[in-house]
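Let me begin by presenting the structure, written as structure tokens, before commenting on it.
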Amino acid sequence: MVNFEGKIQLNNKITQIPLNKLEKILPAEKIDLMLKKIKARADFEMTDTGTFQPIKEAVKNTKPVIELGDISLSIKSTSNLNNCKERILEAAVSTKSGQYTIEQPLIQGNREEIIKYLNDEKFDENFKRFLMDCSDNFEKKGLE
């Protein structure tokens, strides 16, 4: 299992915000629904070996407070071989205009490892903090 969490550098301002305040800034209902859907689809659609249709769930941000446009999570096979067991979970976040995108691999591993990662109690909160970090990065660079 390869975990890419170490590459996500959250600034101190974001890591100190309590989750209940993050919920007010982010489009929480849409994100929670997206997370529930990706977890259910991963459990149902992802195979143990071989290829499968990529699983993708996305939402569009409608809150003007944060600098995010489209937010998505996807799971796909790392190879087209029938005996491949490796899968990758990726997050993608775009600016409001859609002109700039941050794509971040979150974890690479077999089916069981991906599902365990998705169902971890801290995954939802960490993903929301990642979104806030992306918003801050877009804002600092003046990207829309």
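The opening residue of the sequence shown carries number 0 in numbering that gives the first Met the number 0; numbering runs sequentially from there.
We put the beta carbon where it would ideally sit given N, CA and C, even for glycine.
Remember, predicted model here, so these are calculated numbers, not experimental data.
Which residue from D31, L34, M45 and K38 puts its Cα closest to that of N109?
Position 110 of the sequence shown holds residue 109. Ranking the options by Cα distance to N109, first place goes to M45.
Could you please give me the residues that DSSP links to P104 through a beta bridge?
By 1-based counting over the sequence shown, the position of residue 104 is 105. Answer is E89, bridged to P104.
Using alpha carbons as the reference points, say which of K75, I114 and V64 lies closest to A39.
By one-based count along the sequence shown, residue 39 stands at place 40. If we check each option's Cα against that of A39, I114 comes out closest.
Sort E112, T48 and D132 by Cα distance to S78 and report the nearest one.
By one-based count along the sequence shown, residue 78 stands at place 79. Per the Cα distances, T48.
With the cut-off set at 9 Å, would you say A90 and S76 are in Cβ contact?
By one-based count along the sequence shown, residue 90 stands at place 91. By one-based count along the sequence shown, residue 76 stands at place 77. Not closer than 9 Å, so no.
Under 9 Å between the Cβ atoms of P26 and N60?
In the sequence shown, residue 26 corresponds to position 27, counting from 1. In the sequence shown, residue 60 corresponds to position 61, counting from 1. Going by C-beta atoms, P26 is nearer than 9 Å to N60.
Provide the residue span of the alpha helix (DSSP H) that contains K35, from first to last.
Taking the first residue of the sequence shown as position 1, residue 35 is located at position 36. A27 to E44 is the span of the alpha helix (DSSP H), which, as asked, contains K35.
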